[in-house]
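Chains A and B are the protein sequences, given in the same order.
The first sequence begins at 1 in my numbering and counts up one residue at a time.
The second sequence begins at 380 in my numbering and counts up one residue at a time.
Glycine included, C-beta positions come from ideal geometry on N, C-alpha and C.
Everything numeric in this text was worked out from a predicted model, so none of it was measured.
Have a look at the structure below, then the notes.
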Amino acid sequence: MGTQPRAVRAATGGDLADEYFSQLLDRFEQAATAVGGAGRLDLEMAGLRLRVRHAGEGLRAGLLAPFEHLACPPQGDPDLTISLFDTASSGIEPPPPPWDPIVAAPGTNPVARLRSERACVLAAAGSRGLTAALPAEGIAVFHLPDATAIPASERAAPIREALQLLMAERGRLMTHAGAVGRDGRGVLFVGRGGSGKSTLALSCALAGMEIVADDYVLLEPDSLTAHAMQSTAKLTEDSATRLGVPAALIDTAGFEPTLEGPAKALVRIPSLVPGRMKRRITIAAVVAPALPPLSSHLFASTAKKDEVNGEEGALRPMSAAEGLRAVAPSTVVQSGFGGEGSLATLADLVRRVPSYALELVSDPEANAAAVDRLVAELD
Amino acid sequence: MSEPRFRIGPEIVHETVDGEVIAIDLTSGSYYSLAGSGPAVWELLVLGVSEAEIGAALADRFEAEQAEIGPAVSALLDQLRENGLIVSETEVAVERPALASSDEKAPFETPRLERYNDMKDYFLLDPIHEVDTAGWPRPAA
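What follows is the structure in structure tokens.
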């Protein structure tokens with residue numbers, strides 16, 4: 001780590017984060033000019049109108065395709081605006097960061113964060129994504145070095161930080177959960193990465209249920225609504241095999257194992273289950289999937305059937321406190337800040353709807369059947 | 380001579396649901412469940428109290444003698460301190476909280492603190508480095 005300041009210093013009387021935001025937005029405008037004008041995609045997300053402006057088509061293809069299912073016609077001023085640019089397409093560099101570079105160990109993505117009352121700047125050292133936002137004003141800028149080499153983590157959950165910051169300001173909590181249901185009502189799948197949320201959510205969708213997300217939703221607590229974000233799902237090779245996902249639908253480009261666990265590939269949910277991806281669902285219960293103890297190898301086996309557990313995943317009612325323990329930690333620790341509000345929101349959720357643990361069995365259809373039955377039985 | 384007072388640590392977020400406290404340490408990702416009579420102690424810690432005040436308040440609230448309550452409180456405070464869930468501060472011009480008393484006493488259950496570390500990976504994967512106004516990274520503690 002160097003010792004010389006390499007910052008773009010705040011203008012007199014200004015604030016470093018505010019100043020960095022202004023400069024990054026200015027660079028976006030330069031990038032848009034350099035590529036002959038910004039394109040745009042208007043989305044309806046979580047009941048808000050979001051306009052994404054992009055300097056060049058590369059970022060649209062690489063980052064915005066997972067949001068196309070939320071596209072809507074442009075109409076008036078949007079509630080939120082996010083502007084995207086990359087240096088390779090435009091030749092425009094972002095302003096030098098006001099901090100020393102942070103070295104990312106392989107498989108990690110350390111983030112430098114600079115905050116003021118008005119602005120927030122986040123620089124991810126691993127993915128090299130740079131986000132600057134004015135949350136209260138509903139605007140953000142996002143930069144990547146090269147639209148043709150978008151890191152897998154960014155393709156899996158594009159512009160996640162910008163969305164999290166802007167949505168949180170408007171009472172939508174980005175929640176680490178999947179969501180499925182029937183006729184607009186359903187359940188949230190909660191738990192840390194690797195707990196089986198994605199596989200279970202896709203199992204349910206393949207069994208005919210509606211799906212909102214496999215991994216992240218925007219939770220609107222007053223109405224108990226889980227809103228859709230990106231349409232990508234992440235699956236391990238084993239899960240893809242057990243679900244029978246056609247190889248042609250799996251995007252494996254650049255997805256490498258991380259410290260979190262085995263490598264996961266991306267699958268576009270609308271391609272896998274056309275017509276079943278929904279914009280939102282009302283939450284009637286929280287479900288925490290659990291892999292059977294000491295049986296990850298057994299669970300992974302496609303040959304071995306459920307000799308112990310019977311035909312269907314076993315559902316067990318949990319206390320609200322257990323439900324909170326399942327839903328809150330990964331969302332709260334990923335929220336980075338605003339943790340207190342996030343925890344309070346999730347506590348309110350588990351006080352209002354019942355929580356269940358679902359002990360998974362190796363047959364995806366059996367797990368989906370247990371969820372489907374629960375949704376049918378919920379008031 | 381004043382006793383130290385204890386309060387919840389600044390990086391701890393917490394909620395009480397169904398008589399169980401769920402607390403998350405935002406600096407480490409560890410999270411905790413506090414049950415038994417522990418949530419009654421936690422309620423007092425939110426206000427900022429001394430060990431003696433906790434003991435007195437619990438004796439007023441639970442069917443148990445100080446001989447039972449005292450060591451249980453002491454052990455819990457040690458655990459909470461070791462895990463960074465509470466901080467102590469010397470009593471200087473701290474307004475004493477008004478502690479609620481109770482007419483009906485409940486059975487005393489030894490406080491139970493459980494720690495969960497399964498979120499640590501997230502901190503290994505995406506650690507946040509706060510950057511201060513001088514423009515230098517300040518790694519999370």
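Query                                                                                                                                                               : Result
Can you pull the DSSP bridge partners for T81/A?                                                                                                                    : R51/A, I139/A
In the structure shown, what three-state DSSP assignment does E365/A receive?                                                                                       : helix
For chain A, is any of its Cβ atoms less than 8 Å away from the one on I403/B?                                                                                      : yes
Please list the partners that A344/A has in chain B, where partner means a Cβ-to-Cβ separation under 7 Å.                                                           : E394
Please tell me whether L324/A has its Cβ less than 8 Å away from any Cβ of chain B.                                                                                 : yes
Between the alpha carbons of R383/A and E483/B, how many angstroms are there, rounded?                                                                              : Any question about residue 383/A goes unanswered here, given that chain A covers just 1 to 379.
Kindly indicate if chain A contains any beta-carbon less than 8 Å away from that of S416/B.                                                                         : no
Secondary structure at A326/A, three-state DSSP: helix, strand or coil?                                                                                             : helix
Grab me the residues of C204/A's own chain with a C-beta within less than 6 Å of its C-beta, minus the 5 sequence neighbours each way, in chain order.              : V180, A368, V371
Nearest CA to the CA of E493/B: which residue from A485/B, Q458/B, F385/B?                                                                                          : Q458/B
To test your reading of the DSSP string, which unbroken beta strand (DSSP E) runs of 3 or more residues are found completely within the segment 197–233 of chain A? : 210–213, 216–220, 225–227
Secondary structure at M174/A, three-state DSSP: helix, strand or coil?                                                                                             : strand
Flag this pair as touching only if the segment 47–61 of chain A and the segment 74–92 of chain A have three or more C-beta atom pairs under 8 Å; answer yes or no.  : yes
Determine the burial state of N496/B: buried for a count of at least 16 other Cβ atoms within 10 Å of its Cβ, exposed for fewer.                                    : exposed
By alpha-carbon positions, which one of L64/A, D100/A, F28/A ends up nearest to G91/A?                                                                              : F28/A
So with Cβ pairs under 8 Å, would you call R192/A a contact of chain B?                                                                                             : yes
Between the alpha carbons of A386/A and S239/A, how many angstroms are there, rounded?                                                                              : The requested residue 386/A is not part of the displayed model; chain A covers only 1 to 379.
Residues in its own chain within less than 8 Å of D404/B by CB, not counting five upstream and five downstream?                                                     : G388, E390, I391, Y410, Y411, N462, G463, L464
Buried or exposed, going by whether 16 or more other CB atoms sit within 10 Å of the CB of G37/A?                                                                   : exposed
What residues in the segment 223–255 of chain A have a beta carbon less than 8 Å from any beta carbon of chain B?                                                   : none
Using a Cβ-Cβ cut-off of 6 Å (strictly less than) and excluding sequence neighbours within five positions of G62/A, which residues of its own chain qualify?        : A147, I150
Would S467/B pass as an interface residue toward chain A - the criterion being a Cβ-Cβ separation below 8 Å?                                                        : no
Alpha carbons only, please: which of S198/A, L206/A, G47/A is nearest the one belonging to E237/A?                                                                  : S198/A
Under 7 Å between beta-carbons, which chain A residues line up against D397/B? List them in chain order, please.                                                    : S319, A320, A321
In this structure, does DSSP put E399/B in helix, strand or coil?                                                                                                   : strand
Looking at the unbroken alpha helix (DSSP H) that takes in P317/A, where does it start and where does it end?                                                       : Element bounds for P317/A: not the alpha helix (DSSP H) but the beta strand (DSSP E), 314–318.
Quick check: is the beta carbon of P329/A nearer than 8 Å to any beta carbon in chain B?                                                                            : yes
Of all the options S319/A, S355/A, T87/A, L206/A, which has the alpha carbon lying nearest to the alpha carbon of V35/A?                                            : T87/A
Measure from the C-beta of A347/A to each C-beta in chain B and report whether the shortest distance is under 8 Å.                                                  : yes
Using the beta-carbon count (16 or more within 10 Å), is Q75/A buried or exposed?                                                                                   : exposed
Please report how far the alpha carbon of E468/B lies from the alpha carbon of R386/B, in whole angstroms.                                                          : 8 Å
Apart from the five residues on each side of it in sequence, which residues of its chain come closer than 8 Å, Cβ to Cβ, to A17/A?                                  : L114, R115, S116, R118, A119, C120, V121, A132
Looking at the structure shown, is I465/B part of a helix, part of a strand, or coil, going by DSSP?                                                                : strand
Given this structure, state the Cα-to-Cα distance separating E322/A from S195/A, to the nearest angstrom.                                                           : 15 Å
Between S295/A and chain B, is the shortest Cβ-Cβ distance under 8 Å, so that the two count as touching?                                                            : Only weak support is given to the placement of S295/A: the predicted model assigns it a pLDDT of 44, under 50, and the value that follows is read from those uncertain coordinates. Answer no: the Cβ-Cβ gap between S295/A and chain B never drops below 8 Å.
Going by DSSP in three states, F487/B sits in which element: helix, strand or coil?                                                                                 : coil
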